[in-house]
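Chemist: Numbering (my numbering), first residue to last: -15 to 281.
We put the CB at the ideal spot given by N, CA and C, even for glycine.
As the structure is a prediction and not an experimental result, all values here were calculated from the model.
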Ligand SMILES: Nc1nc2c(ncn2[C@@H]2O[C@H](COP(=O)(O)OP(=O)(O)OP(=O)(O)O)[C@@H](O)[C@H]2O)c(=O)[nH]1
Ligand SMILES: [Mg+2]
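1. What would DSSP say about residue 120, mapped onto helix, strand or coil?
2. Could I get the ranges of all uninterrupted alpha helix (DSSP H) runs contained in the region 218 to 269, with 4 residues as the minimum, in chain order?
3. Looking at ligand 2, does it come within less than 7 Å of residue 141, judged from the CB to the closest heavy atom?
4. Helix, strand or coil for residue 141 per DSSP?
5. Are the beta-carbon atoms of residue 136 and residue 87 separated by less than 8 Å?
6. Suppose the cutoff is 8 Å on Cβ atoms and the five residues either side in sequence are ignored; what does the same chain contact list for residue 148 look like?
7. Using a Cβ-Cβ cutoff of less than 8 Å, which residues in the same chain neighbour residue 104 once the five nearest sequence positions on both sides are dropped?
8. How big is the Cα-Cα spacing for residue 70 and residue 202?
9. In the DSSP output, what is residue -2 paired with across the bridge?
10. Under 8 Å, do residue 51 and residue 128 count as touching if we go by C-beta distance?
11. DSSP three-state call for residue 130: helix, strand or coil?
12. Does the distance between the C-beta of residue 167 and the nearest non-hydrogen atom of ligand 4 fall short of 7 Å?
13. Could you check if residue 76 is buried or exposed, using at least 16 other CB atoms within 10 Å of its CB as the buried criterion?
14. Give the C-beta separation of residue 141 and residue 168 to the nearest angstrom, bearing in mind that I take them to be a contact with Cβ-Cβ under 8 Å.
15. What are the start and end residues of the alpha helix (DSSP H) that includes residue 214?
16. What is the DSSP secondary structure of residue 57, counted as helix, strand or coil?
17. Report all residues from its chain with a CB closer than 6 Å to the CB of residue 47; omit the five preceding and five following residues, and keep chain order.
18. From the DSSP output, in three-state form, read off residue 163 for me.
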């Protein structure tokens, strides 16, 4: 229970709290949350990108105190969307949380197209198939609080059930994005089991409900660029206060891409996000990149 003295301060998954009362954890035990510790990180998303709309101002805290954002994308069923992954990267860098790309359903399709898109980024990634060994992933999760985010049906809960054998997270069937049923309806944090030869902290993992898009109204236009470390370096050659939009003739990003130093599709994705923040994007498909490796999907 929350103590009344907390006022309107919300408690979110990942918060470290002070408790009084029966902290035995036994069935029926009752304790009160009297204090919320200062958060080391806060991962937020908004319902929409435009901060001038009510939806854009509706901000949700996904998780507190996460060290790692595990961006879960299926390689097929549902198809990967680099636009969505790019948004998650922006949110991660903005919140100072390290990103890890987790490509699931590697038994159904190869990762080449998605990985090709991120060549210049040196983004850490893991490939998951139903029979894959999870030792590499466990090593990346050790000692940290990691939060899984991704569309509905990409296999977040399936993965959590494999990582934490007694998790018993419900898993669903895949349906069309946006219209689909979301199997998981709330976020939970679970302790990862200790390895056979326990050394150190195995870490914590947060399973979250699938999201259709990752709204970034809370991220300033300036901070958006931090989600594109492959582009950042080019902007030292931009004129002062360059908006980096396609119609800015002197923007140095075009020459950077023309010189082969970054992928044209990444620049296009960045500019789509810029446009989307000012309400010019298509709100129905905010996560779709026309230059997606799986165009037309
Ligand atoms: N072929 C294949 N199917 C998988 C894999 N991982 C998960 N699935 C299937 O994908 C479906 C959806 O999995 P879930 O774990 O419920 O997906 P989720 O991301 O938790 O979905 P939400 O809770 O709605 O956000 C299930 O039918 C899983 O069996 C995989 O690596 N390969
Ligand atoms: Mg789930």
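Modeler: Let me spell this out:
1. Of the three classes helix, strand and coil, the one that applies to residue 120 here is helix, per DSSP.
2. For the region 218 to 269, whole alpha helix (DSSP H) runs of length 4 or above, ordered along the chain, are 237 to 242, 248 to 261.
3. It does: the Cβ of residue 141 is within 7 Å (strictly closer) of some heavy atom of ligand 2.
4. When DSSP states are grouped into helix, strand and coil, residue 141 belongs to the helix group.
5. No, they are not a contact pair.
6. Cβ neighbours of residue 148 beyond the five flanking positions: 174, 175, 176, 177, 189.
7. For residue 104, the CB contacts under 8 Å within the same chain, skipping 5 residues up- and downstream, are 214, 245, 246, 247, 250 in chain order.
8. Cα to Cα, the separation comes out at about 16 Å.
9. Beta-bridge pairing links residue -2 to no other residue.
10. Against a cut-off of 8 Å, the Cβ pair of residue 128 and residue 51 comes out as a contact.
11. Residue 130 falls in the strand class under three-state DSSP.
12. Of the ligands one can find in the structure shown, namely ligand 1 and ligand 2, none is ligand 4.
13. Residue 76 is buried by the Cβ-count criterion.
14. About 5 Å; that satisfies the 8 Å criterion.
15. For residue 214, the enclosing alpha helix (DSSP H) covers residues 213 to 216.
16. In this structure, residue 57 counts as strand in the three-state DSSP scheme.
17. Closer than 6 Å at Cβ, skipping near neighbours: -3, -2, 27, 131, 190.
18. Annotation note: pLDDT 49 at residue 163 (below 50); position unreliable, coordinate value reported separately. When secondary structure is reduced to three states using DSSP, residue 163 falls in the coil class, being assigned neither helix nor strand.
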